[in-house]
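K.L.:
In my numbering, the protein residues as written are 129 to 411. Dropping the structure in here first, questions after.
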Amino acid sequence: MTTHQVISDIKSALAKAYPEGEVRAFVRILFEEWMHYSTVDIYMRADSEVPPFVVEKMRHAVQRLLRHEPIQHIVGVAHFHGHRFAVSKHTLIPRPETEQLVDMIVDRNQDVPDLCVLDIGTGSGCIACSLARALRFAEVHAFDISQPALDLAADNASNLGVKVAFHHVDILNAVPQPQQFHIIVSNPPYICMHEQQLMEDNVLRYEPHSALFVPDNDPMLFYRAIARYASVALKPGGKLYFEINAAYGNATAQLLANFHFAEIEVARDFYGRDRFVSALWLP
Numbered sequence: 129m130t131t132h133q134v135i136s137d138i139k140s141a142l143a144k145a146y147p148e149g150e151v152r153a154f155v156r157i158l159f160e161e162w163m164h165y166s167t168v169d170i171y172m173r174a175d176s177e178v179p180p181f182v183v184e185k186m187r188h189a190v191q192r193l194l195r196h197e198p199i200q201h202i203v204g205v206a207h208f209h210g211h212r213f214a215v216s217k218h219t220l221i222p223r224p225e226t227e228q229l230v231d232m233i234v235d236r237n238q239d240v241p242d243l244c245v246l247d248i249g250t251g252s253g254c255i256a257c258s259l260a261r262a263l264r265f266a267e268v269h270a271f272d273i274s275q276p277a278l279d280l281a282a283d284n285a286s287n288l289g290v291k292v293a294f295h296h297v298d299i300l301n302a303v304p305q306p307q308q309f310h311i312i313v314s315n316p317p318y319i320c321m322h323e324q325q326l327m328e329d330n331v332l333r334y335e336p337h338s339a340l341f342v343p344d345n346d347p348m349l350f351y352r353a354i355a356r357y358a359s360v361a362l363k364p365g366g367k368l369y370f371e372i373n374a375a376y377g378n379a380t381a382q383l384l385a386n387f388h389f390a391e392i393e394v395a396r397d398f399y400g401r402d403r404f405v406s407a408l409w410l411p
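Right, dumping it as structure tokens:
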């Protein structure tokens with residue numbers, strides 16, 4: 129089959145399940161990952177033959193997409209902050225909003241060498257590895273409660289050629305070492321259980337609920353634990369950065385004020401929603 133024929137079959141099979149633009153994105157990703165085609169190649173090589181084993185992989189991918197499995201799980205890779213990260217059922221798929229969080233940290237700290245940084249709830253390691261690449265001579269540590277996630281994150285760090293110290297830690301029960309870090313960052317679970325009804329099947333069925341959800345009666349569960357940890361583990365003048373549930377910007381800021389953090393700022397993502405909170409530790 130030619131490239132044109134394979135694409136035509138994919139579009140036909142997925143037409144009723146996904147918007148046209150999303151189908152085009154799936155085609156681009158599949159051909160990029162499995163044929164090493166750029167977007168231009170897809171058009172320039174429309175009459176080129178696709179190897180039969182790749183055609184079969186594409187057909188299998190379509191069946192998985194029809195079950196609403198994330199395209200990143202199908203190809204095993206997600207792109208984040210200019211890097212490729214392996215992903216699996218044990219980790220969240222990195223989101224563009226989280227790239228904004230990394231950009232915020234880099235923009236504010238890129239001229240400071242030798243920072244000691246901690247990423248809490250690292251998952252695939254996308255935040256920790258990206259900061260290790262972007263910050264000058266940073267010493268980067270990362271916590272996660274999931275050993276399979278840590279194993280995957282360690283592979284990602286190795287593939288990117290960065291040094292990150294990964295630790296198997298439950299932040300809800302962690303005991304901090306005093307004044308260890310200049311920066312602590314976290315994108316913890318923050319979706320309340322009642323919000324499941326608003327979410328897509330590809331998230332609910334295929335991404336780890338332990339990395340997504342918090343109890344309805346305690347949406348600040350992880351932010352409170354991390355703030356408590358950071359109030360000991362941050363050096364004087366250290367900075368805390370959160371990704372947050374858009375509904376709890378003010379609540380998160382008030383929580384940090386209760387722990388006596390200073391210069392608390394709530395920032396919006398590119399959709400205009402409260403998505404990030406930063407604060408300064410001045411004991």
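Backbone N, C-alpha and C fix where the C-beta goes; we use that ideal spot for every residue, glycine too. Source: prediction; values computed, not measured.
Given Ile199, which residues of its chain have a CB within under 6 Å of its CB, disregarding the five upstream and five downstream residues?
P.N.:
The residue given as residue 199 occupies position 71 in the sequence shown. The residues are Phe154, Ile157.
K.L.:
Of all the options His296, Pro241, Val405, Tyr165, which has the alpha carbon lying nearest to the alpha carbon of Val182?
P.N.:
Along the sequence shown, read from residue 1 onward, the residue named residue 182 stands at position 54. Taking only the C-alpha atoms, the option nearest Val182 is Tyr165.
K.L.:
Using only the alpha-carbon positions, how far apart do Ile138 and Glu197 sit?
P.N.:
Residue numbering aside, residue 138 sits at position 10 when the sequence shown is read from its first letter. Residue numbering aside, residue 197 sits at position 69 when the sequence shown is read from its first letter. For Ile138 and Glu197, the distance between alpha carbons rounds to 15 Å.
K.L.:
Closest to Arg261 by CA distance: which of Phe208, Val405, Glu177, Gln133 is it?
P.N.:
Position 133 of the sequence shown, counted from the first residue, corresponds to residue 261. Taking only the C-alpha atoms, the option nearest Arg261 is Phe208.
K.L.:
Candidates Gly204, Pro343, Arg195, Ala355: which alpha carbon is nearest Asn301's?
P.N.:
Indexing the sequence shown from 1 puts residue 301 at position 173. It is Ala355 whose Cα lies nearest to the Cα of Asn301.
K.L.:
Hey, out of Lys367, Tyr399, Trp409, Glu393, whose CA is closest to Gly377's CA?
P.N.:
One-based indexing of the sequence shown puts residue 377 at position 249. Taking only the C-alpha atoms, the option nearest Gly377 is Glu393.
K.L.:
Among residues of its own chain, excluding the 5 on either side of Thr226, which ones have a beta-carbon nearer than 8 Å to its beta-carbon?
P.N.:
The residue labelled residue 226 in the question sits at position 98 within the sequence shown. Cβ within range, chain order: Phe208, Cys254, Ile255, Asn315, Glu371.
K.L.:
Near Ile135, which residues of its chain fall below 6 Å by C-beta distance, leaving aside the five closest residues on each side in sequence?
P.N.:
Here residue 135 corresponds to residue number 7 of the sequence shown, with the count starting at 1. Excluding positions up to five away in sequence, the list reads Val155.
K.L.:
Do you know how far the Cα of Ile202 is from the Cα of Ala189?
P.N.:
Counted from its first residue, the sequence shown places residue 189 at position 61. Counted from its first residue, the sequence shown places residue 202 at position 74. In a straight line, the C-alpha of Ala189 is about 6 Å away from that of Ile202.
K.L.:
Would you be able to state if there are at least three C-beta pairs under 8 Å between the region 274 to 292 and the region 302 to 314?
P.N.:
Because the criterion of three Cβ pairs below 8 Å is not met, the region 302 to 314 and the region 274 to 292 do not touch.
K.L.:
Is Ala375 helix, strand or coil when you go by DSSP?
P.N.:
Against the sequence shown, residue 375 aligns to sequence position 247. Of the three classes helix, strand and coil, the one that applies to Ala375 here is helix, per DSSP.
K.L.:
If you check the beta carbons only, do Phe265 and His295 fall under 7 Å apart?
P.N.:
To locate residue 265, count along the sequence shown from 1; it is residue 137. To locate residue 295, count along the sequence shown from 1; it is residue 167. No, the Cβ-Cβ distance between Phe265 and His295 is not below 7 Å.
K.L.:
With burial defined as no fewer than 16 other Cβ atoms inside 10 Å of the residue's Cβ, what is the status of Phe213: buried or exposed?
P.N.:
Within the sequence shown, numbered from 1, the residue matching residue 213 stands at position 85. By the neighbour-count rule (16 or more Cβ atoms within 10 Å), Phe213 is buried.
K.L.:
Within the same chain, show all residues whose beta-carbon is closer than 6 Å to that of Val245, passing over the 5 residues directly before and after it, in chain order.
P.N.:
Sequence index remark: in the sequence shown, residue 245 carries index 117 (1-based). The residues are Leu259, Ala266, Val268, Ile311.
K.L.:
What does the alpha-carbon distance come out to for the pair Tyr357 and Val215?
P.N.:
Here residue 357 refers to the residue found at position 229 when the sequence shown is read from its first residue. Here residue 215 refers to the residue found at position 87 when the sequence shown is read from its first residue. Computed Cα separation, rounded: 28 Å.
K.L.:
Considering only the alpha carbon of each residue, which of Val303, Cys257, Val313 lies closest to Val292?
P.N.:
Here the question's residue 292 lines up with position 164 in the sequence shown. Here the closest residue by C-alpha is Cys257.
K.L.:
Mark Tyr318 as exposed unless 16 or more other C-beta atoms lie within 10 angstroms of its C-beta, in which case mark it buried.
P.N.:
Locating residue 318 in the sequence shown gives position 190, where the first residue counts as 1. Tyr318 comes out buried.
K.L.:
Under a three-way DSSP split, which group does Leu410 fall into?
P.N.:
Position 282 of the sequence shown, counting from 1, holds the residue named residue 410. The answer is coil: DSSP assigns Leu410 none of H, G, I, E or B.
K.L.:
For the beta strand (DSSP E) holding Phe387, just list the boundary residues, first then last.
P.N.:
To locate residue 387, count along the sequence shown from 1; it is residue 259. No beta strand (DSSP E) contains Phe387, which DSSP labels as neither H nor E.
K.L.:
Can you name the residues that DSSP bridges to Asp235?
P.N.:
Within the sequence shown, numbered from 1, the residue matching residue 235 stands at position 107. BP columns for Asp235 are empty, so no partner.
K.L.:
Consult DSSP for Gly149 and reduce its assignment to one of helix, strand or coil.
P.N.:
For the purposes of this step, residue 149 is identified with residue 21 of the sequence shown, where counting begins at 1. Helix, per DSSP.
K.L.:
To which residues of the same chain is Leu280 closer than 7 Å at the C-beta, ignoring the five residues directly before and after it?
P.N.:
If you number the sequence shown from 1, residue 280 lands on position 152. The answer, listed in chain order, is Ala214, Ser216, His218, Thr219, Ser252.
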